[in-house]
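*Asks:* Okay, so the sequence shown: first residue is 6 according to our numbering, each after it adds one.
Glycine included, each C-beta is placed from N, C-alpha and C at the ideal position.
Here the structure is a predicted model, which is why all the values come from computation and not from measurement.
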Amino acid sequence: MLLSEQAYKKIDREIAKFPEDQRQSAVMAALAIAQDEKGWLPAEVMQEVADYLKMPAVAVQEVATFYAMYNLKPTGKSKITICTNLPCALSGGERAAHHLKQKLGVGYRETTADGQFTLMEGECMGACGDAPVLLVNNKRICNHMSNDKIDALLEELKK
């Protein structure tokens, strides 16, 4: 088993939310749980999720490749996704992205040499009025990100 007993307990709680014959409906949650534990979703982990949910591996892979929140290759300890959709871009998103690229020394879909940060370009995060918006590790949204706030966030994440 590639996933821990704890991870399977969490997946079981997600499966229980659906009728018995629809356990595959928990696939998104199961992938998120697996990714939280492993840091990313290698093919073997997706296969294990598919087997556990009793669904074809290709169906799990389709979900994992469709949604941007799933990591299909290793990422830095902190994955920072910046919204660059038009409303955010016009409200400081492009400036924030430029600052992050300069500060980290990487472009989009790249990881810093020390393995600390991966920078991603993201789609709408539903917080256009709070631009520029960053999402950290798919869990923490940071809004109104000035250069100073970005610098403080990077220092915090380094700890």
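Alpha helix (DSSP H) containing residue 122: first to last residue?
*Replies:* For the purposes of this step, residue 122 is taken as residue 117 along the sequence shown, with counting starting at 1. No alpha helix (DSSP H) holds residue 122; the beta strand (DSSP E) holding it covers 122 to 127.
*Asks:* I need the boundaries of the alpha helix (DSSP H) containing residue 70, first residue and last residue.
*Replies:* Locating residue 70 in the sequence shown gives position 65, where the first residue counts as 1. Per DSSP, residue 70 belongs to the alpha helix (DSSP H) from 62 to 71.
*Asks:* Which partner residues of residue 141 appear in the DSSP bridge assignment?
*Replies:* In the sequence shown, residue 141 corresponds to position 136, counting from 1. Answer by DSSP bridge pairing, in chain order: 85, 145.
*Asks:* By the 10 Å Cβ neighbour count, where 16 or more other Cβ atoms means buried, how is residue 40 classified, buried or exposed?
*Replies:* The residue labelled residue 40 in the question sits at position 35 within the sequence shown. With 16 or more other Cβ atoms within 10 Å, it is buried.
*Asks:* Are the beta-carbon atoms belonging to residue 84 and residue 138 less than 9 Å from one another?
*Replies:* The residue labelled residue 84 in the question sits at position 79 within the sequence shown. The residue labelled residue 138 in the question sits at position 133 within the sequence shown. Not in contact: residue 84 and residue 138 (Cβ atoms no closer than 9 Å).
*Asks:* Considering Cα atoms alone, identify which of 121, 160, 86 is closest to residue 148.
*Replies:* Within the sequence shown, residue 148 is the residue found at index 143, counting from 1. Answer by Cα proximity: 86.
*Asks:* Under 8 Å, with one C-beta from each stretch per pair, do the stretch 105 to 120 and the stretch 54 to 74 reach the 3-pair mark?
*Replies:* These segments do not touch.
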